[in-house]
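Residue numbers (our numbering): 1375 to 1575.
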């Protein structure tokens, strides 16, 4: 805090390739139960935003939606811009983020939430199905931390599986490898098997 800076404990990186190889959309739940995950999402989002090969968006939500993409060049300002707590409206967040998809076949859409939907689950599933059907890669991270996902909506996770959308917990250390696999369009379940990551749906 005295330095007004974040000192990295570990360095993460992705290889530089041609301009805008992929579009990345991070849609992170900032309700109280997801506090650690949204912090990691912000830090990793800043790293990806620094790479010319990736066009990165970061959107956080509870019952309202906030697009924090403009803060991705300053992790300190970004973390202060998050407002932890409140309820959850995933359907509303998906409705905001869906138009951000400009190149579906080159878009990786990552929803970070424990899936405890405070809005209409039917609306949330319709939005998720539409994003998946557009051709975007859709991944749900039930947690982005070192503790896993101790509590999540198992029924909704199962319904996402029926749409072909994997749902699993991912550690910050595993995240770069997961993103590399997604960029290669590798089957996510193959990556999960290799890393010993259990599907939650």
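All residues carry an ideal CB built from backbone N, CA and C; glycine is no exception.
The model shown is predicted, which means the values in this text are computed figures rather than measured ones.
Within its own chain, the residues whose Cβ lies closer than 6 Å to the Cβ of residue 1557, once the five positions on either side in sequence are excluded, are 1396, listed in chain order. Residue environment for residue 1527: buried (at least 16 other C-beta atoms within 10 angstroms of its C-beta).
Here the alpha carbon of residue 1405 sits roughly 10 Å from the alpha carbon of residue 1490. The residues 1397, 1398, 1399, 1400, 1441, 1443, 1471 and 1474, in chain order, have a CB closer than 8 Å to that of residue 1431 in the same chain once the five nearest residues on each side in sequence are set aside. Of all alpha-carbon atoms in 1524, 1575, 1554 and 1572, the one lying nearest the alpha-carbon of residue 1411 is that of 1524. Take the alpha-carbon of residue 1550 and the one of residue 1499: they are about 27 Å apart. Across the set 1439, 1552 and 1501, the C-alpha of 1552 shows the shortest separation from the C-alpha of residue 1544. Less than 8 Å separates the beta-carbon of residue 1414 from that of residue 1546. In the structure shown, the three-state DSSP call for residue 1469 is helix. Secondary structure within the stretch 1391 to 1463: the alpha helix (DSSP H) runs of 4 or more consecutive residues, fully enclosed, are 1409 to 1423 and 1449 to 1455 (chain order). Following the DSSP letters along the chain, one finds residue 1484 inside the beta strand (DSSP E) bounded by residues 1481 to 1486. CA-CA distance, residue 1564 to residue 1555, rounds to 9 Å.
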